[in-house]
Amino acid sequence: MTDDLSTTCCAPAVQASLDVREAERIAAGYRALGDATRLRLLALVAAGDGGEACVCDLTEPVGLSQATVSHHLRLLVEAGLLTRERRGTWSYYSVVTSRLDELGHQLLAVPTPPCGPGPTQTATPETAGVR
């Protein structure tokens, strides 16, 4: 059996894609958001007075030790989702809204294939290319 591009449903994906560095940066953001505790912490920081929160105010709402909360916050900072500012012995965190916007934009910018079953259609052996 020979493959004839003129009879296939979709053209090969040859559009420009993300470079490796940008893809890794985006993946790091999604990994950081892929944990329920970190999502809760991000929401708590965003809801804090002036859009910031002290680590000392975050332990009780999530029911975790300060060390564990600090670990999760560090991962969010490393992913560029939070900033950290030291004030005396405490650290205060703020949400980096531009980074959240960037991740949301990247998620919405994922191209969808121009052919195949639509979102309300069910794939059949014929539409899936099974013979």
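According to the working numbering, the stretch in the sequence shown is residues 1139 to 1269, in order.
Using N, Cα and C, we set each Cβ at its ideal position, and we do this for glycine too.
Go ahead and label residue i buried or exposed: buried means 16 or more other beta carbons lie within 10 angstroms of its beta carbon, across all protein chains shown.
| i | result |
| --- | --- |
| Val1207 | buried |
| Arg1224 | exposed |
| His1210 | buried |
| Ala1170 | buried |
| Arg1212 | exposed |
| Arg1159 | exposed |
| Ala1174 | exposed |
| Ala1161 | exposed |
| Tyr1168 | exposed |
Opposite residue i in the DSSP bridges: which residues?
| i | result |
| --- | --- |
| Leu1238 | None, per the DSSP bridge assignment. |
| Ser1229 | Arg1224 |
| Cys1192 | Tyr1230 |
Can you name the start and end residues of the alpha helix (DSSP H) that residue i belongs to?
| i | result |
| --- | --- |
| Ala1217 | That residue, Ala1217, is in no alpha helix (DSSP H); it is neither H nor E in DSSP. |
| Val1200 | Thr1197 to Val1200 |
Complete alpha helix (DSSP H) runs within the region 1152-1190 (minimum length 4 residues, chain order): DSSP runs (the alpha helix (DSSP H)) wholly in the region 1152-1190: 1158-1171 and 1174-1185.
Sufficient close CB pairs (3 or more, under 8 Å) joining the region 1176-1186 to the region 1222-1235: By the C-beta criterion, the region 1176-1186 is judged to be in contact with the region 1222-1235, since at least 3 inter-stretch pairs fall below 8 Å.
Contact between the region 1154-1169 and the region 1193-1211 (3+ Cβ pairs under 8 Å): The region 1154-1169, when compared against the region 1193-1211, does not touch it at the 8 Å Cβ threshold.
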